[in-house]
Structure formats: C-alpha cells, structure tokens
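Trainee:
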Amino acid sequence: MELTATTTIRKPVPEVYAFWRDLENLPTFMAHLEEVRTTGDRTSHWVANAPFGKDIEWDAEIVGETPGEKLAWRSTGDADVPNAGTVRFMSAPDGVSTEVHIVLVYDIPGGTIGKAVAKYFGEEPHQQLDDDLRRLKQVMETGEVVRSDGAPWGKQARNEFPQRPAQPLSESELAKGADR
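In the numbering used here, each residue carries its 1-based index in the sequence shown increased by 720.
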C-alpha cells in the first residue's frame with residue numbers, strides 16, 4: 721500500500737525539518753506510535769498500536785538524507801509491518817511556511833482482508849496519515865494538539881490520543897472528564 725499526503729505549516733523549513741529529524745518527536749503527533757527510540761545516528765526502534773489492542777515493532781534505518789530537505793527510511797530485519805517512506809520539506813510560496821510532502825509504502829498483514837478489517841475498526845490508513853499531518857501542523861504552530869469544544873474529551877474518550885481543549889473546561893467538566 722502506498723500513501724501520500726501533504727500539509728503546509730506556518731514555520732520555516734529548518735524548524736520543521738529539525739523537529740521531524742528528531743525521530744523521538746514523532747509520537748507527539750502520530751496517534752498510533754507509542755515510542756520511537758533512536759538507537760544510532762541513522763537507526764531507530766519503533767513501537768506502534770495495531771488493531772485489536774496489539775502492538776507492532778520494527779527497526780528502521782535512514783537510507784537517504786538531504787539536511788533541511790529530505791529524509792528517506794526503510795524498516796530492517798523482520799519488521800511486523802515492512803515499510804519505507806520519504807518526507808520532503810519545501811519552502812512554501814509565501815516564503816515563510818513549509819510544505820511537508822510524505823510518501824509511505826508498507827505491507828498490511830493479511831493483504832486485502834487485513835485492509836478491510838482495519839477499515840472496519842476505524843483504522844483507514846489514508847485518514848490516519850491525514851490526521852497525523854494535521855496534528856503535526858498543530859504541534860508546530862501552537863505547541864500542542866488542540867480539539868474543538870464539540871468534542872471536549874476528543875479521542876481521550878477511547879483512550880487513544882491525549883488532546884487539550886481549544887478553550888479551558890470548567891471545573892465541573894474537568895472533574896467529569898477525570899471520571900472517564
């Protein structure tokens with residue numbers, strides 16, 4: 721499966737590139753990532769959530785890098801989900817913002833059936849990538865992931881991804897949310 725997505729972030733290219741290049745930052749906006757641990761200059765270990773409450777793990781290596789412009793990686797060894805990708809950082813036409821272009825390629829276990837089951841359980845890969853890039857934009861531009869008042873507990877209600885409200889909740893709303 722190949723996925724592509726793009727977003728524009730109102731921050732300069734060097735800042736966005738540096739944030740992404742510190743791979744341990746990725747779980748701050750990629751909802752299904754539990755951990756990315758740097759194991760060497762160009763290697764890392766990844767842990768992600770999968771459907772049915774399982775975790776998947778893999779090692780990855782950076783196979784191409786143009787500082788400030790591009791990172792390319794691939795999984796190594798016996799990855800639970802073999803994958804590869806490229807992310808490019810380009811100056812936007814306004815001269816201030818950064819366009820982030822990402823291409824991911826991976827094998828979903830179970831082939832077509834695995835894809836259908838993942839989609840049934842709300843794990844549609846294209847939507848996940850779009851959501852991750854939206855959260856990257858929020859983290860880079862505001863310092864955190866925000867959500868609307870229409871969903872005051874966001875995905876937290878499903879214990880997936882902690883989010884902060886766009887506006888502060890009242891004391892009673894905070895107490896009510898803590899009980900969930």
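Positions of the beta carbon are idealized from the N, C-alpha and C atoms, including for glycine.
Could you give the distance in angstroms between the alpha-carbon of V801 and the alpha-carbon of A792?
Mentor: Here residue 801 is taken as the residue at index 81 of the sequence shown, counted from 1. Here residue 792 is taken as the residue at index 72 of the sequence shown, counted from 1. Taking the straight line from one Cα to the other gives about 17 Å.
Trainee: Let me confirm a value: V742 is counted as buried when at least 16 other C-beta atoms fall within 10 Å, else exposed. Which label applies?
Mentor: For this step, residue 742 is matched to residue 22 along the sequence shown. Residue identity differs from the one stated: residue 742 is Asp in this sequence, not Val. Classification for D742: exposed.
Trainee: Helix or strand or just coil, what does DSSP make of M860?
Mentor: To locate residue 860, count along the sequence shown from 1; it is residue 140. DSSP places M860 in helix when its eight states are reduced to three.
Trainee: Which residues in the same chain as Q858 place their Cβ atom closer than 8 Å to its Cβ, once the five residues preceding and following it in sequence are excluded?
Mentor: Translated into positions along the sequence shown, residue 858 becomes position 138. The answer, listed in chain order, is F749, E864, V865, V866.
Trainee: Going by DSSP in three states, A799 sits in which element: helix, strand or coil?
Mentor: For the purposes of this step, residue 799 is identified with residue 79 of the sequence shown, where counting begins at 1. It is coil, neither helix nor strand.
Trainee: Considering only residues of the same chain and omitting the five flanking positions on each side of R730, which have a CB-CB separation below 6 Å?
Mentor: Locating residue 730 in the sequence shown gives position 10, where the first residue counts as 1. Once the five neighbours on either side are set aside, the close Cβ partners of R730 are S817, E861.
Trainee: Below 7 Å CB to CB, which residues in the same chain sit around N769 once its five sequence neighbours on both sides are set aside?
Mentor: Numbered from 1 along the sequence shown, position 49 holds the residue referred to as residue 769. H752, E754, D775.
Trainee: Could you give the C-beta distance for F809 and E789, rounded to a whole number, given that I count them as a contact under 8 Å?
Mentor: Counting from one through the sequence shown, the residue named residue 809 turns up at place 89. Counting from one through the sequence shown, the residue named residue 789 turns up at place 69. F809 to E789, Cβ: 6 Å. Contact.
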